[in-house]
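Notes follow the structure.
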Amino acid sequence: MKTFVRCGRLFTGQEDEATKNAALVYDEAGRIVYAGPEKGAPKPGKSDRTIDHSGQFVMPGLIDVHTHLAYGNAKTEEDIDLYAPLEFRALRGMFFAQKVAAAGYTAICSPGDAGQVSLSIRNAIEAGLFEGPRVMAAGPYITSHQGLTDWYPTWIGAPTTSIGRLVTTVADAVEEIRWQVKNGVDCIKIAMDGIQRRPDGELIAAFTQEETDIMVRETHRMGKKAVAHAGGREATLYSARAGMDLIFHGFDLDDECIAAMKKSGSMLCPTLTQPKNIIEFTQPHEPAGQRGRPAFAEKRYRIGCANLKKAKKAGIPFLTGTDSGFAVTPYGEWHARELELFVDDLGFSKAGALRAATETNARFMSHGDEIGVLEPGRLADFTAWDGSPLADISVLQDKRRLRGVYIAGREIKIADRPYDPREVTDFSLSNWTDLYTQARVAELRGGRRRLEAAE
Ligand SMILES: [Zn+2]
Numbered sequence: 459m460k461t462f463v464r465c466g467r468l469f470t471g472q473e474d475e476a477t478k479n480a481a482l483v484y485d486e487a488g489r490i491v492y493a494g495p496e497k498g499a500p501k502p503g504k505s506d507r508t509i510d511h512s513g514q515f516v517m518p519g520l521i522d523v524h525t526h527l528a529y530g531n532a533k534t535e536e537d538i539d540l541y542a543p544l545e546f547r548a549l550r551g552m553f554f555a556q557k558v559a560a561a562g563y564t565a566i567c568s569p570g571d572a573g574q575v576s577l578s579i580r581n582a583i584e585a586g587l588f589e590g591p592r593v594m595a596a597g598p599y600i601t602s603h604q605g606l607t608d609w610y611p612t613w614i615g616a617p618t619t620s621i622g623r624l625v626t627t628v629a630d631a632v633e634e635i636r637w638q639v640k641n642g643v644d645c646i647k648i649a650m651d652g653i654q655r656r657p658d659g660e661l662i663a664a665f666t667q668e669e670t671d672i673m674v675r676e677t678h679r680m681g682k683k684a685v686a687h688a689g690g691r692e693a694t695l696y697s698a699r700a701g702m703d704l705i706f707h708g709f710d711l712d713d714e715c716i717a718a719m720k721k722s723g724s725m726l727c728p729t730l731t732q733p734k735n736i737i738e739f740t741q742p743h744e745p746a747g748q749r750g751r752p753a754f755a756e757k758r759y760r761i762g763c764a765n766l767k768k769a770k771k772a773g774i775p776f777l778t779g780t781d782s783g784f785a786v787t788p789y790g791e792w793h794a795r796e797l798e799l800f801v802d803d804l805g806f807s808k809a810g811a812l813r814a815a816t817e818t819n820a821r822f823m824s825h826g827d828e829i830g831v832l833e834p835g836r837l838a839d840f841t842a843w844d845g846s847p848l849a850d851i852s853v854l855q856d857k858r859r860l861r862g863v864y865i866a867g868r869e870i871k872i873a874d875r876p877y878d879p880r881e882v883t884d885f886s887l888s889n890w891t892d893l894y895t896q897a898r899v900a901e902l903r904g905g906r907r908r909l910e911a912a913e
């Protein structure tokens, strides 16, 4: 039995245009046998099935290469590391993975998570126990005493439930890579950004060039991909020179970084959505607001976009990812905002942003040559939308316009179940966001009185 999908418009991911009145045909295994004008399509037989998307825009399933399945829409780093047991995080992560799929994302990379949460979610979906997106999984970030994710004081370290695995020697790092690969990760995440700055303000990388080279080499020797959190120039440069497959952020990259990336073939995922949401959504009373994080993020964002445009001009492949899993980037909500930011802030064409989120992202994913493009031989991972993202890229953020999500030709239907975040994520013990001195209380009481007087 074959399935014939009538498409109002078909965007394959291979070209910049969509074909009007097209057809997508796939076999029982969900493998595409035809994608093109309806006129040229093979004729359906008696036992074949037809799906009518003749009023819709059909395109490859979207891919987000930066969604942390175990974070749980965290409000604090402690939420990510401490409060929920790993078993609960796996169940919660499955629930949220389904929310991501329901937003039109048929594949994600979860680049750094505590324990074996992401790979367990991947395995359960692959085994058919649950519906959900394809998952490419990393384990905990490999970090040093100078690295991101080792954020607690030295007398606490990186707890076993945290997203970071602290290594203190190269031998430790190699052992950790082998341990993670044995457990079944698809990629190794390295926390390349450090925490110290030089007097000139430059962020010092968490690992030396030599250490980075050894970790990436061992990862590749095991047949896995190496990915890095690297916003700083030095972290980006070391990553690029070492042949890191994917570099996240890269906001401070310079010409030397670009040249190294060109030479080694490193790809880049800037992850604009998370900083943009921090800038736009953080409220003044929140701790991040009080610490001036939105203003800092805004400055970094402006510098980042200017640098990233240079990398784009140089032909570095750009991937789309959002850092979903934080309170500012809840699962299933903002994934497609990244495409809009690619267009608005990096100068991508709408088709270019669509291709980044499908064809280019697929080049990084496990079994990536089977997804990301709708062409014969690949799997029928596709979505159907009311309205054309080639006319308005923000269409992809409107779930009411999403008329179908298919993975290997099978429609997945996930009920949009509401949940109470207080029972899912908010286990932090912090109670107040203000300090109630007599002066502050008088100020607050004065404000209330003024309000009452105004009424
Ligand atoms: Zn991240």
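Here my numbering is used: the first residue of the sequence shown is 459, the next is one more, and so on.
Just so you know, even glycine gets a beta-carbon here, dropped at the ideal spot from N, CA and C.
Note that the coordinates shown come from a computational prediction; the quantities given were computed from them, not determined experimentally.
Between the Cα of residue i and those of the options, spot the shortest distance and give me the residue it belongs to.
i       : options                               : result
Leu-527 : Lys-504, Cys-567 and Val-483          : Cys-567
Val-523 : Pro-617, Gly-830, Asn-479 and Gln-748 : Gly-830
Gly-862 : Lys-460, Gly-513, Pro-495 and Asp-506 : Gly-513
Arg-760 : Arg-898, Leu-799 and Arg-636          : Leu-799
Glu-692 : Ala-686, Asp-703, Leu-711 and Leu-606 : Leu-711
Arg-592 : Thr-666, Ser-576 and His-603          : Ser-576
Glu-536 : Arg-580, Gly-597 and Gly-622          : Gly-622
Lys-734 : Arg-679, Ala-794 and Glu-714          : Ala-794
Ser-602 : Met-650, Ala-686, Arg-868 and Thr-787 : Met-650
Ile-705 : Glu-714, Gly-723 and Asp-713          : Gly-723
Tyr-599 : Lys-504, Gly-652, Gly-488 and Met-459 : Gly-652
Gly-779 : Ala-698, Pro-569 and Glu-869          : Pro-569
Lys-721 : Asp-571, Tyr-696 and Phe-739          : Tyr-696
Ala-700 : Ala-629, Glu-668 and Arg-547          : Glu-668
Thr-508 : Lys-497, Leu-482, Gly-530 and Phe-515 : Leu-482
Phe-776 : Arg-758, Ser-807 and Trp-792          : Ser-807
Tyr-563 : Arg-908, Ala-842, Leu-909 and Arg-836 : Ala-842
Glu-744 : Lys-770, Gln-732 and Ala-785          : Ala-785
Asp-803 : Thr-731, Cys-645 and Val-853          : Thr-731
Asp-474 : Thr-461, Met-517, Ala-487 and Asp-510 : Met-517
Arg-679 : Val-639, Thr-607 and Leu-587          : Val-639
Met-702 : Asp-713, Ala-718 and Ala-565          : Ala-718
Ligand 1 heavy atoms versus the CB of residue i: any closer than 8 Å?
i       : result
His-526 : yes
Phe-822 : no
Thr-778 : no
Pro-733 : no
Thr-740 : no
Gly-708 : no
Gly-905 : no
Thr-601 : no
Gly-570 : yes
His-687 : yes
Asp-539 : no
Leu-630 : Note that residue 630 is Asp in the sequence shown here, rather than Leu. No, Cβ of Asp-630 sits at least 8 Å from all heavy atoms of ligand 1.
Asp-703 : no
Asp-827 : no
Asp-644 : no
Asp-781 : yes
Please name the residue or residues paired with residue i in a DSSP beta bridge.
i       : result
His-743 : Bridge partners of His-743: none, in fact.
Pro-500 : In DSSP, Pro-500 forms no bridge with anything.
Gly-494 : Ala-481
Ser-568 : Ala-595
Asp-522 : Ile-566
His-825 : Answer by DSSP bridge pairing: none, since His-825 is not bridged.
Asp-506 : According to DSSP, which records beta bridges pairwise, Asp-506 is partnered with nothing at all.
Ala-686 : Ile-648 and Ile-705
Arg-868 : Ile-865
Trp-843 : Phe-515 and Leu-860
Gly-835 : Partner(s): none; Gly-835 has no beta bridge.
Gly-622 : Tyr-599
Leu-468 : Thr-477 and Val-516
Ala-532 : Phe-784
Using three-state DSSP, classify residue i as helix, strand or coil.
i       : result
Phe-784 : strand
Asn-479 : strand
Lys-770 : helix
Glu-791 : coil
Phe-462 : strand
Gln-514 : strand
Leu-549 : helix
Gly-605 : strand
Glu-473 : coil
Leu-799 : helix
Ser-579 : It should be noted that the sequence gives Ile, not Ser, for residue 579. Correct three-state label for Ile-579: helix.
Arg-489 : strand
Arg-813 : helix
Leu-695 : helix
Leu-848 : coil
Phe-806 : coil
With respect to 8 Å, is the separation between the Cβ of residue i and the closest non-hydrogen atom of ligand 2 below this value?
i       : result
Thr-729 : Judged by which ligands are present, ligand 2 is missing from the structure shown, whose ligands are ligand 1.
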